[in-house]
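J.: Each residue of the sequence shown is one higher than the last, beginning at 0 in numbering that gives the first Met the number 0.
Each residue gets a CB set at the ideal place from its N, CA and C atoms; glycine is no exception.
Only a predicted model underlies this, so the values are computations on that prediction, with no experimental measurement involved.
Below is one structure. I have some questions about it.
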Amino acid sequence: MAFSPEKSNFRSPLKGPPSPSWNDLLLKNKKALNHVLFTMHLQSRSNKQTPSSSPSPKLRKSLDFTLPSLVSDPISLLSDEILLSILSKLPDSQRNSNSLVSKRWLNLQGRLVRSIKLLDWDFLVSGRLFVRFPNLIHVDLVNGSLISPGNAGVFCSNRLLSSHVDCNADAKDWFLKERFVLPSDEIDNGLRILAGGCPNLRRLLVVNASELGLLGVAEECPTLQVLELHRCNDQVLRGIAACQNLQILRLIGNIDGFYKSSVTDIGLTILAQGCKRLVKLELSGCEGSYEGIKAIAQCCQMLEELILRDHRMEGGWLSALSYCENLNTLRFMSCKSIDHCGWFDEDVGSCPTLERLHFEKCQLRNKESLRTLFLLCQEVREVTFHNCWGLDNEMFSLSTGLRRVKSLCLESCSLLTTEGLESALLSWKEIQSLKVISCGNIKDSEISPALSTLFSMLKDFRWRPDTKSLLSAGLVGTGMRKRGSKLFKKTCDWKSLPGA
């Protein structure tokens, strides 16, 4: 019997099934076949063939095909890495429209999102947050934690917090009876889910969390660097002691009209002993005294910026700032008083590293406290007063002791006059920058020759005390306003321009 190996169906029992051929593999994978044909088509079009090397009519007919009939979506041939690189270079304004192209683009666009502001708490608890956005590092849970009745027509807003309120309920009853925020156990459950889904979390904003919830975040998210706690108290601050890499911390204890909580010296001491790598600290609506601020100054030696917003500190706390060795910036915002203590020791020390001192929406009515503060800040370089009440000539004259000021910014300080401004500016020998905006009692006509000479020597100068100010009458003869015109004439000759 003749044996023909080409027609034989014999299969050895020791061998597995026959391996598929290349044709079978290409036919099973349509995308791979399209990719091969697409490459062949590009190569055939890019190669410039001479008449002697041109293919035969039969071969040219076999190479002639229509690309759209083979590849309906050429972008689908790109890998996820390449497409992610392309999408990442597009502006953020196109993010929403790009996610509507296809499910693949929706998933890829979700991988590019790194920061989110949660509005629906169920979106976090169900786990859909991590499926939709797997690479989050910045998460804001504050608005998602509020129990809002929807667009009920009444909207309460604060710079730090805002929410809709039931129009049939009293606003005080709504907030103070804790009906507007989720309970602590639900917040802690959400924090545990968030910590498990976002191990690379770096920034977190949360309200009404407890000690256990923050401990879970600290253990699962070692890269956490920025933390903002709303409605916190001394007990909650025990949980952040495990955040070894925390650098920026914002504590909100009280918000008028929304909630009340207490952060005292006990909590500040716990904070100081646990978060020794802090670089920036903001205390909003917090209580405390000399001991709490001193503990922070001594333990947090890397602290560079301290912000106090609407503080409730006891009298005498201000002198504890002299223990800050590396403090660079000190800000007071919406403070009813700097320090309500009526007397101070002359030997209060100083902050030699302090360079910036900012006041915004503060009541500067206590002369002794402001004088003590200026004694602490003798080395300050930059001073800003923005919309401060009580800042008249007498209060502003206390700043003449700041001999090293290089920059001054005054905005919306209506009690200060030109005379008070001049007395301070002429005492500062290193002044280089001045901005005066919306200060109605500072007049152009009251500018003296000495002050106008100082203005002409400034490197950065912005003068708009009122809408009618043109700074003309007080600067006659100085030549300051003519410098720009002279420079323009030197750099541009109108007669040399074509068509002139």
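Does D459 come out as helix, strand or coil in the three-state DSSP assignment?
T.: Position 460 of the sequence shown, counting from 1, holds the residue named residue 459. D459 falls in the strand class under three-state DSSP.
J.: Near S321, what residues of its chain come up, given a Cβ to Cβ distance below 7 Å and the 5 sequence neighbours on each side ignored?
T.: Residue mapping note: residue 321 aligns to position 322 of the sequence shown, counting from 1. If we look at S321 and ignore the five residues flanking it on each side, its Cβ neighbours are V347, G348, S349, C350 and L375.
J.: Mind reading off the beta-carbon distance from G330 to H357? Whole number of angstroms is fine, and I expect it under 8 Å.
T.: Position 331 of the sequence shown, counting from 1, holds the residue named residue 330. Position 358 of the sequence shown, counting from 1, holds the residue named residue 357. Here residue 330 turns out to be Arg, not Gly, going by the sequence shown. Contact flag correct, Cβ pair sits at about 4 Å.
J.: Provide the residue span of the alpha helix (DSSP H) that contains D184, from first to last.
T.: In the sequence shown, residue 184 corresponds to position 185, counting from 1. Looking at the DSSP string, the run of the alpha helix (DSSP H) that includes D184 is S183 to G196.
J.: Whole angstroms are fine: how far does the CA of S447 sit from the CA of K458?
T.: Translated into the one-based positions of the sequence shown, residue 458 becomes position 459. Translated into the one-based positions of the sequence shown, residue 447 becomes position 448. Approximately 19 Å, taken between the alpha carbons.
J.: Counting only runs of 4+ residues fully inside the stretch 355 to 395, write out the alpha helix (DSSP H) ranges in chain order.
T.: Whole alpha helix (DSSP H) segments, 4+ residues: 366 to 375 and 392 to 395.
J.: Quick one: grab the DSSP three-state call for K102.
T.: Stepping through the sequence shown from its first residue, residue 102 is reached at position 103. Three-state DSSP puts K102 in a helix.
J.: For the candidate residues L401, G400, L397 and D443, whose alpha-carbon lies nearest to that of T417?
T.: Here residue 417 is taken as the residue at index 418 of the sequence shown, counted from 1. The residue with the shortest Cα to Cα distance from T417 is D443.
J.: Would you identify the three-state DSSP class for C298, choosing helix, strand or coil?
T.: Mapped onto the sequence shown, residue 298 falls at position 299. In the structure shown, C298 sits in a helix (DSSP, three-state: H, G or I).
J.: Using the Cα positions of R230 and A423, report the straight-line distance between them to the nearest angstrom.
T.: For this step, residue 230 is matched to residue 231 along the sequence shown. For this step, residue 423 is matched to residue 424 along the sequence shown. Approximately 41 Å, taken between the alpha carbons.
J.: Per DSSP, Y258 forms a beta bridge with which residues?
T.: For this step, residue 258 is matched to residue 259 along the sequence shown. Y258 pairs with I254.
J.: So, with DSSP's three-state summary, where would you put S398?
T.: Residue numbering aside, residue 398 sits at position 399 when the sequence shown is read from its first letter. Helix, per DSSP.
J.: Candidates I295, K259, F373 and L302: which alpha carbon is nearest L277's?
T.: Stepping through the sequence shown from its first residue, residue 277 is reached at position 278. Selected option, being the one with the closest Cα: L302.
J.: Examine the ligand GTP and report whether any of its heavy atoms sits within less than 7 Å of the Cβ of A319.
T.: This structure lacks the ligand GTP; in fact it carries no ligand of any kind.
J.: If you run the structure through DSSP and keep just helix, strand and coil, what is G503?
T.: The structure shown has nothing for residue 503, since the chain only spans 0 to 499.
J.: The beta strand (DSSP E) with V206 in it runs from where to where?
T.: Residue 206 sits at position 207 when you count from the first residue of the sequence shown. Counting along the chain, the beta strand (DSSP E) containing V206 begins and ends at R202 to V206.
J.: With a threshold of 6 Å on Cβ separation, who are the neighbours of S432 within its own chain once the five nearest residues in sequence on each side are excluded?
T.: Here residue 432 refers to the residue found at position 433 of the sequence shown. Within the same chain, S432 has close Cβ partners S406 and D459.
J.: Taking K467 as the reference, give the member of G439, S451, S455 and L425 with the closest Cα.
T.: Numbered from 1 along the sequence shown, position 468 holds the residue referred to as residue 467. Here the closest residue by C-alpha is G439.
J.: Excluding five sequence neighbours on each side, which residues of the same chain lie with their C-beta closer than 6 Å to the C-beta of S368?
T.: Residue 368 sits at position 369 when you count from the first residue of the sequence shown. For S368, where only same-chain residues beyond five positions count, the Cβ hits under 6 Å are I337 and D338.
J.: Pick out the complete alpha helix (DSSP H) segments inside the stretch 114 to 153, 4 residues or longer, and give them in chain order.
T.: With a minimum length of 4 residues, the continuous alpha helix (DSSP H) runs that stay inside the stretch 114 to 153 are 120 to 124, 127 to 131 and 141 to 144.
J.: Verify whether the separation of the beta carbon atoms of H310 and L267 is less than 8 Å.
T.: Here residue 310 is taken as the residue at index 311 of the sequence shown, counted from 1. Here residue 267 is taken as the residue at index 268 of the sequence shown, counted from 1. Not in contact: H310 and L267 (Cβ atoms no closer than 8 Å).
J.: For D391, which residues in the same chain have their Cβ closer than 6 Å to its Cβ, ignoring the five residues on either side in sequence?
T.: Sequence index remark: in the sequence shown, residue 391 carries index 392 (1-based). Contacts found: L414.
J.: Measuring straight from C-alpha to C-alpha, what distance separates M394 and G109?
T.: Residue mapping note: residue 394 aligns to position 395 of the sequence shown, counting from 1. Residue mapping note: residue 109 aligns to position 110 of the sequence shown, counting from 1. About 54 Å.
J.: Does DSSP classify F174 as helix, strand or coil?
T.: In the sequence shown, the residue the question calls residue 174 occupies position 175. A caution first: F174 carries a pLDDT of 48, below 50, which makes its placement in the model too unreliable to give a value.
J.: Which residue from S426, K434 and D465 puts its Cα closest to that of A449?
T.: On the sequence shown, residue 449 is found 450 positions in, with the first residue counted as 1. Comparing Cα positions, the closest option is S426.
J.: Compute the distance between the beta-carbons of F179 and I146, then report whether it is under 8 Å.
T.: Here residue 179 is taken as the residue at index 180 of the sequence shown, counted from 1. Here residue 146 is taken as the residue at index 147 of the sequence shown, counted from 1. Yes, these two residues count as a Cβ contact at 8 Å.
J.: Buried or exposed for P464, please, with buried defined as at least 16 other CB atoms from any protein chain shown within 10 angstroms of its CB.
T.: Position 465 of the sequence shown, counted from the first residue, corresponds to residue 464. It counts as buried.
J.: With burial defined as no fewer than 16 other Cβ atoms inside 10 Å of the residue's Cβ, what is the status of R103: buried or exposed?
T.: Working through the sequence shown from its first residue, we reach residue 103 at position 104. Exposed, because fewer than 16 other Cβ atoms sit within 10 Å of the Cβ of R103.
J.: Would you please state the rounded distance, in angstroms, between the beta carbons of V502 and F129? I believe it to be under 8 Å.
T.: Nothing in the structure corresponds to residue 502, since the chain is present only between 0 and 499.
J.: Compute the Euclidean distance between the alpha carbons of P198 and G400, then round it to the nearest angstrom.
T.: Translated into positions along the sequence shown, residue 198 becomes position 199. Translated into positions along the sequence shown, residue 400 becomes position 401. P198 and G400: Cα-Cα distance of roughly 50 Å.
J.: Measuring straight from C-alpha to C-alpha, what distance separates E290 and A271?
T.: As a first step, residue 290 is located in the sequence shown; it is residue number 291 there, counting from the start. As a first step, residue 271 is located in the sequence shown; it is residue number 272 there, counting from the start. When rounded, the distance between both Cα atoms is 11 Å.
J.: Among the candidates V435, E354 and E445, whose CA atom is the shortest distance from the CA of R402?
T.: Walking along the sequence shown from the start, residue 402 turns up at place 403. Answer by Cα proximity: E354.
J.: Quick one, are the C-beta atoms of I265 and A240 less than 8 Å apart?
T.: Here residue 265 corresponds to residue number 266 of the sequence shown, with the count starting at 1. Here residue 240 corresponds to residue number 241 of the sequence shown, with the count starting at 1. Not a contact, by the Cβ cut-off of 8 Å.
J.: So is K293 buried or exposed if we call it buried at 16+ other beta carbons inside 10 Å?
T.: Numbered from 1 along the sequence shown, position 294 holds the residue referred to as residue 293. That one is buried.
J.: Is the Cβ-Cβ distance between V124 and G189 less than 8 Å?
T.: Mapped onto the sequence shown, residue 124 falls at position 125. Mapped onto the sequence shown, residue 189 falls at position 190. In contact: V124 and G189 (Cβ atoms closer than 8 Å).
J.: What's the gap between the Cα of D172 and the Cα of K259?
T.: For the purposes of this step, residue 172 is identified with residue 173 of the sequence shown, where counting begins at 1. For the purposes of this step, residue 259 is identified with residue 260 of the sequence shown, where counting begins at 1. Low per-residue confidence applies at D172: pLDDT is 48, beneath 50, and the placement is therefore not dependable, though the value from the model is reported in the following sentence. Whole-angstrom Cα-Cα distance: 13 Å.
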